[in-house]
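Residue numbers for the sequence shown follow the working numbering, beginning at 1 and rising by one.
Note that the Cβ used here is the ideal one computed from N, Cα and C, for glycine as well.
Note that the structure is predicted; figures quoted are calculated from it, not measured.
Data first, discussion second: the structure below is written as structure tokens.
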Amino acid sequence: MATKTDAKEVVELLKTLMNIESTSEKELEIGQFLEQYIQGRGFAAERIAISPGSTRHNVYAWLGGERRARLLVTAHMDTVPPHIPFSIDGDVVRGRGACDDLGPMVAQIFAVEELRAEGALKDGDVSFLWVVGEEKGGPGMIAANDMGLTWEAGLFAEPTEGKVAKGHKGNLVFEVVAHGKACHSGYPHLGKSATNLLFDAINDLRAVEWPVSDLLGPSTLNIGKIEGGVGYNILAAEAKALCSIRVAKDVEGIKRTVAEVVGRHPDVSVDFVFQYTEMVLEWEFDGFEAEPMAYGTDIPRLRGDHKKVLYGPGSITVAHGKDEYIRVSEIMEAIEKNKRLILELLK
């Protein structure tokens, strides 16, 4: 007999999670809560430091005596800053993490709980992994590779508007740094403006036609953060720009192009911060719409030949903004759809 979760219970769990500040590098409290919560539901659980002595912990939970499971159900605990507390107006939940990624996490939790109540899961079928740091380089999922575990499939939670993702873009993050010579701005011939040097290099990067994928569309450049100089009346001695390219294909080729373009500019260098490749995912499931996603996830960071599925409620278009939200009805629908995906992946 099908089990139906009360929407009030869903909202209460989401409220509790969202009211704990869990911006990247501040995930300790939410991890402690999730460990205790899932243990209270009859799971074995542990918090695992992402490096020796670290206060940042992933949470891993499983059914039965063995940590191994066929299917990994996973979401990230961290959110982007600033923390915005939970609020609700009718069907709409607002606040940080509503759709990225706490709402999708809650939908996964209750999907597994309903399947357990229906007798559709047995020990060793499913495990949960909740990771830190997805929004900031992915150290949590990278550390998960050291757990000594493999799975047949992974169901990853992100806001996909209730569709299964056909794939998602990769990312290349890098910093362009220009070195000039400070002097009085009234006598610019006595110095060299690092900001001018930086802008010249950035403009050349903006002029590049980056690779295009038939599935994922164009690779796109973002100049995310610019710093430089100390005042209007001084030529800047140093300037830098933190940039990223959302990679539709050929991350290594894009990296070579960035290095080549920046290398044409004397006194300008590039430091590559991190990268991951684009992903083509499992997406053909009866009754599900599917489309590619332009953002990146933790999926490439977890090594293994497991099937990879990306699905969740909510829209990425409102994630990371001041009006992040999700509808309770979306989460309730996602519980049902997650159940169907879990059963399909366990066939």
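(1) From PRO104 to THR5, what distance separates their C-alpha atoms?
(2) I need the boundaries of the alpha helix (DSSP H) containing GLU12, first residue and last residue.
(3) Determine, using beta carbons only, whether GLU95 and LEU63 come nearer to each other than 9 Å.
(4) Decide yes or no for the touch test of the stretch 266–286 against the stretch 316–328: beta carbon pairs closer than 8 Å, at least 3 of them.
(5) Starting from GLU260 and walking both ways along the alpha helix (DSSP H), at which residues does that stretch end?
(6) Cutting at 6 Å between CB atoms, please list the residues of its own chain near ARG47, excluding the five before and the five after it.
(7) Are the beta-carbon atoms belonging to ALA194 and GLY154 less than 9 Å from one another?
(8) Going by beta carbon distance, what residues of the same chain come within less than 7 Å of ALA237, once the five residues before and after it are set aside?
(9) What does DSSP give as the partner residues of SER315 in its beta bridges?
(10) Alpha carbon to alpha carbon, how far is LEU17 from TRP210?
(11) Going straight from the alpha carbon of LYS255 to that of GLY170, what length do you get?
(12) For HIS168, which residues in the same chain have their Cβ closer than 8 Å to its Cβ, ignoring the five residues on either side in sequence?
(13) Just list the residues that DSSP pairs ASP78 with in beta bridges.
(14) What would DSSP say about ARG56, mapped onto helix, strand or coil?
(15) At the level of alpha carbons, what is the spacing between GLY253 and ILE223?
(16) So what does DSSP say about LYS163, is it helix, strand or coil?
(17) Do you know offhand how far GLN39's Cα is from THR150's?
(18) Secondary structure at THR220, three-state DSSP: helix, strand or coil?
(19) Would you call the stretch 70–79 in contact with the stretch 104–121, where contact means no fewer than 3 C-beta pairs closer than 8 Å?
(20) Please report the Cβ distance between MET332 and ALA7, rounded to the nearest whole angstrom; I am assuming they are in contact, meaning their Cβ atoms lie under 8 Å.
(21) Any idea which residues DSSP pairs MET293 with across the strands?
(22) Rounded to the nearest angstrom, what separates LYS337 and VAL10 at their Cα positions?
(23) How about VAL261 and VAL208: do their beta carbons lie closer than 9 Å?
(24) Could you spell out where the beta strand (DSSP E) holding ASP89 opens and where it closes?
(25) What would DSSP say about ALA236, mapped onto helix, strand or coil?
(26) Please confirm whether ALA111 and ILE326 have their CB atoms less than 9 Å apart.
(27) My guess is that PHE128 and LYS15 are in contact by the Cβ rule of under 8 Å, so how many angstroms apart are they, rounded?
(28) Within 9 Å (strictly less), CB to CB, does ASP125 reach chain C?
(29) Quick one: grab the DSSP three-state call for ASP146.
(30) Check whether the Cβ atoms of LEU221 and SER185 lie closer than 9 Å to each other.
(31) Look up THR23 in the DSSP assignment and say whether it is helix, strand or coil.
(32) What first and last residue would you give for the alpha helix (DSSP H) that runs through PHE199?
(33) Going by Cα to Cα distance, which pick from SER244, LEU198 and ASP125 is closest to ARG67?
(34) What separation, rounded to the nearest whole angstrom, lies between the Cα atoms of HIS306 and VAL251?
(35) Please list, in chain order, all residues of the same chain as ASP200 whose beta carbon is under 7 Å from its beta carbon, the five residues on each side excluded.
(36) Taking the beta carbon of THR55 as the centre, do at least 16 other beta carbons fall within 10 Å, making it buried, or is it exposed?
Quick answer:
(1) It is roughly 15 Å from the alpha-carbon of PRO104 to the alpha-carbon of THR5.
(2) Taken as a continuous stretch (DSSP letters only), the alpha helix (DSSP H) holding GLU12 covers 7–18.
(3) First, the residue type needs correcting, since residue 95 is Gly and not Glu in the sequence shown. Remark: C-beta atoms of GLY95 and LEU63 do not approach each other more closely than 9 Å.
(4) Verdict: no, contact absent.
(5) GLU260: member of the alpha helix (DSSP H) spanning 251–263, first to last residue.
(6) GLY31, GLU35, HIS57 and VAL59, listed in sequence order.
(7) No Cβ-Cβ contact shorter than 9 Å links ALA194 with GLY154.
(8) The answer, listed in chain order, is GLY180, LYS181, ALA182 and ALA194.
(9) Beta-bridge pairing links SER315 to no other residue.
(10) Spanning the two alpha carbons is a distance of roughly 39 Å.
(11) Cα to Cα, the separation comes out at about 12 Å.
(12) Excluding its 5 nearest sequence neighbours in each direction, HIS168 has C-beta neighbours in its own chain below 8 Å: LEU216, GLU278, MET279, LEU281, PRO292, MET293, ALA294, TYR295, GLY296, THR297, ILE299 and LEU310, listed in chain order.
(13) DSSP, once it has assigned bridges, lists no residue as partnering ASP78.
(14) Three-state DSSP puts ARG56 in coil, outside helix and strand.
(15) Rounded to the nearest angstrom, the two C-alpha atoms are 19 Å apart.
(16) LYS163 sits in coil when the DSSP states are folded into three classes, being neither helix nor strand.
(17) Linking GLN39 to THR150 through their CA atoms gives a straight-line distance of about 22 Å.
(18) Of the three classes helix, strand and coil, the one that applies to THR220 here is strand, per DSSP.
(19) They touch, by the three-pair rule.
(20) Yes, MET332 and ALA7 are in contact; Cβ-Cβ is about 6 Å, under 8 Å.
(21) Listed as beta-bridge partners of MET293 by DSSP are HIS168.
(22) Near 15 Å, if we compare the C-alpha coordinates of VAL10 and LYS337.
(23) Inclusion of VAL261 and VAL208 in the CB contact set at 9 Å is warranted, their separation being smaller than that value.
(24) Run containing ASP89: 87–89, per the beta strand (DSSP E) assignment.
(25) Reduced to three states, the DSSP call for ALA236 is coil.
(26) The criterion of a C-beta distance shorter than 9 Å is not satisfied by ALA111 and ILE326.
(27) Going by Cβ atoms, the distance from PHE128 to LYS15 rounds to 20 Å, so no, they are not a contact pair.
(28) Absent here is chain C; the protein component of the structure consists of one chain.
(29) Correct three-state label for ASP146: helix.
(30) No; because the gap between Cβ atoms is not below 9 Å, this pair is not in contact.
(31) Correct three-state label for THR23: strand.
(32) Here the alpha helix (DSSP H) through PHE199 covers 194–206.
(33) Closest option to ARG67, Cα to Cα, is ASP125.
(34) If I take the Cα positions, the gap works out to 22 Å.
(35) Non-local C-beta neighbours of ASP200 in its own chain, meaning closer than 7 Å and more than five positions away in sequence, comprise HIS265, ordered along the chain.
(36) Looking at its Cβ environment, which holds fewer than 16 other Cβ atoms inside 10 Å, THR55 is exposed.
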